[in-house]
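Single-structure report; data block below.
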Amino acid sequence: MSEPREPLRNIIVAGGGQLGVLTALALKRAVPMAQVTVVGTPPDPNALADRLGTALPFTNRLHDRLGVDEAVLVSEAGASHRLLMRTTGFTAGHEGFAAYGALPETKLRSRFAREWGGGSRSGSAQQTVGSLAEALVASGRFRPPGPGESTPLAEVDYALRWNVGAYRSLLIGRAQKMGVQYVEGEVASLEADADGTVSAIGLTGGQVLGAELFVDCSGTRGALVSRLPRLEWNDWSAYLPVRAVVLERPGRGVLALEDHAAMTEEGWVVGHAARDGHQRILGVRDSADPAQAADVLGGSAPVAVVPLSPGAMATPWQGNVVALGDAAARFEPLGFLNLDLAHRQLDLLLELLPGREVDARERGEFNRRAELMAEGVRDTLGLYYAALEAERVYGRLERSPALENLLDQYARRGRIPHSEEGALMNEEIVSLLAALGIEGGEIPVSRAEGAQGMHAAQGAFAAKVDAALAASPPYAEWLQSVLAPAPG
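Residues in the sequence shown are numbered from -12 upward in steps of one, following our numbering.
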């Protein structure tokens, strides 16, 4: 019979950005009796997981578990909803829509989906919408479904965007109420043994802080992990071509249910809509020329150029130090996977949270699954670069065996192989591939589906679209209603 372990008494989180504060809040909820201290290291302008205020639907569920109310994010952190990504130019003359959620994969590859919509457009085709999300975006209507709601809105998954400063302030308020401590300073030294087990950190100014668990959320500088005796980094430069990300100064606020990704001659451009300012991001192959980048971004001078050396730590948990976010993996923000990966790493840490003494099996399982998560992100980004125009602009890139197999199976059989810890659901991968203009093979259910079955599916889908639209007010009206002050 296993003996209960002594719980953690002291935890230190390095990094006071949005990831570090949420991590501290999560750990305090998981171990209420432990003292959790955030060390506010100098902000890292190159940490995309801290810089960009958006993630994927997984974050909504993580927020729910941690008591971060979506309604409060809307009212106090400028949050808005994204139902899909609109893609243009990744295949010549092609526009597509990549929605979120677990729609039946066979439906996406059926004859009905191909003839009725199914997530893609060409320059000449006149097609009806292929998903509930697309219908809602086209009409500008949406509201998040209530608990237990039985309308088709309950089938629509979505991501959130928010104002980073307001979001971080909201989390800080929650963390302070729970007793999380804050110390500002720069890490100057570690007291560690040869295996990477750290007993204390020293800050500039002489303060020494001890703990049993250290979590590095400090960004690309890796305030903790960069000082460990062994630091092995998996280089992704052969797989991912972007070496600099150019961010324009946010313009006026935009209320939209979609974001955009477009392929241009200079590289991809992602448009990030937000209530407090629309921002475009350019991914370039070499070091960025600010003047040329300004031309691509419509004359808007860049507010920041973030250099990129893509890759991931081979073992992000060493000794009793765990790296999350940009401290563990660095890559371009195409598809907004940066904070999503960081939050999934945090969720994995909560699942395998150790006691005062770290069990090597917990550490090994974390590293195994964290590596799969990171590789899943790398290969998901590889899908974008497999599109014809992306390959022409960036050149042919190396692909992992897993990505080669996925593209082969999809092209020949219309199926997506199962992968553990993938960045997207299989259904979302199918939707993304269709949106990028990458054609898949016909699956057996599509060949077996007769005209009668197709027409029945069309009718059922049309009825579902009508019901979803009837249940949804114009998004701007809904937002105004929830932001309006309570009467009296």
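Glycine included, C-beta positions come from ideal geometry on N, C-alpha and C.
The structure presented is a predicted model; accordingly, all values stated were derived computationally and were not measured.
Asked: C-alpha gap between residue 231 and residue 291, whole angstroms; Found: 10 Å
Asked: Own chain partners of residue 341 with C-beta closer than 6 Å, once the 5 adjacent residues on each side are dropped; Found: 349
Asked: Buried or exposed by the 16-neighbour rule on C-beta atoms within 10 Å, applied to residue 262; Found: buried
Asked: Rounded C-alpha distance that separates residue 65 from residue 33; Found: 23 Å
Asked: Host alpha helix (DSSP H) of residue 329 (start-end); Found: 325 to 338
Asked: Three-state class that DSSP yields for residue 203 in the structure shown; Found: strand
Asked: Delimiting residues of the beta strand (DSSP E) encompassing residue 69; Found: 67 to 69
Asked: Exposure label - residue 31; buried when at least 16 CB within 10 Å; Found: buried
Asked: Chain-order list of residues whose beta-carbon lies under 7 Å from that of residue 307 (same chain, five-residue window excluded); Found: 184, 185, 199, 200, 201, 345
Asked: Continuous alpha helix (DSSP H) assignments of at least 4 residues falling wholly in the stretch 244 to 292; Found: 277 to 283
Asked: Validate contact between the stretch 229 to 246 and the stretch 276 to 296 using beta carbons, cut 8 Å, 3 pairs; Found: yes
Asked: Straight-line gap, residue 221 to residue 362 (C-alpha atoms, nearest Å); Found: 10 Å
Asked: Residue span of the alpha helix (DSSP H) that contains residue 465, given as start and end; Found: 462 to 470
Asked: Segment contact flag, the stretch 374 to 385 with the stretch 15 to 26, C-beta cutoff 8 Å, min 3 pairs; Found: no
Asked: Endpoints, alpha helix (DSSP H) assigned at residue 392; Found: 388 to 400
Asked: Residue 144 burial status per 10 Å Cβ neighbour count (16 or more: buried); Found: buried
Asked: Where residue 320 falls, given that 16 or more other Cβ within 10 Å makes a residue buried; Found: buried
Asked: Residue 204 versus residue 15: straight-line alpha-carbon distance, rounded; Found: 16 Å
Asked: Cβ contact check for the stretch 122 to 139 and the stretch 34 to 43: 3 or more pairs under 8 Å; Found: no
Asked: Burial state of residue 409, where buried means 16 or more other Cβ atoms lie within 10 Å; Found: buried
Asked: Reduced DSSP category for residue 24 - H, G, I as helix; E, B as strand; rest coil; Found: strand
Asked: Check whether residue 399 and residue -5 have beta carbons under 7 Å apart; Found: no
Asked: Inter-residue Cα distance where the pair is residue 301 and residue 335; Found: 16 Å
Asked: Continuous alpha helix (DSSP H) stretch holding residue 412: start and end; Found: That residue, residue 412, is in no alpha helix (DSSP H); it is neither H nor E in DSSP.
Asked: C-alpha distance - residue 333 paired with residue 326, whole-angstrom precision; Found: 10 Å
Asked: Nearest candidate by alpha-carbon position, reference residue 454, set 141, 414, 207; Found: 141
Asked: Secondary structure of residue 305, DSSP reduced to three states; Found: strand
Asked: Under 7 Å between C-beta atoms of residue 240 and residue 254; Found: no
Asked: Identified DSSP bridge partners for residue 161; Found: Bridge partners of residue 161: none, in fact.
Asked: Residue environment, residue 150, which counts as buried when at least 16 other CB atoms sit within 10 Å; Found: buried
Asked: For residue -8, three-class secondary structure by DSSP; Found: coil
Asked: For residue 416, three-class secondary structure by DSSP; Found: helix
Asked: Three CB pairs or more closer than 8 Å across the stretch 162 to 180 and the stretch 272 to 284; Found: no
Asked: Own chain, CB closer than 8 Å to residue 113, minus 5 neighbours either side, in chain order; Found: Confidence at residue 113 is low in this model, with a pLDDT of 41, below 50, so its placement is unreliable and the value that follows should be read with caution. Taken in chain order, the list of residues that qualify is empty.
Asked: Residue 62 in three-state terms, based on DSSP; Found: helix
Asked: Residue range of the beta strand (DSSP E) that includes residue 124; Found: Looking at the DSSP string, residue 124 is not in any beta strand (DSSP E); the run it does join, the alpha helix (DSSP H), is 119 to 126.
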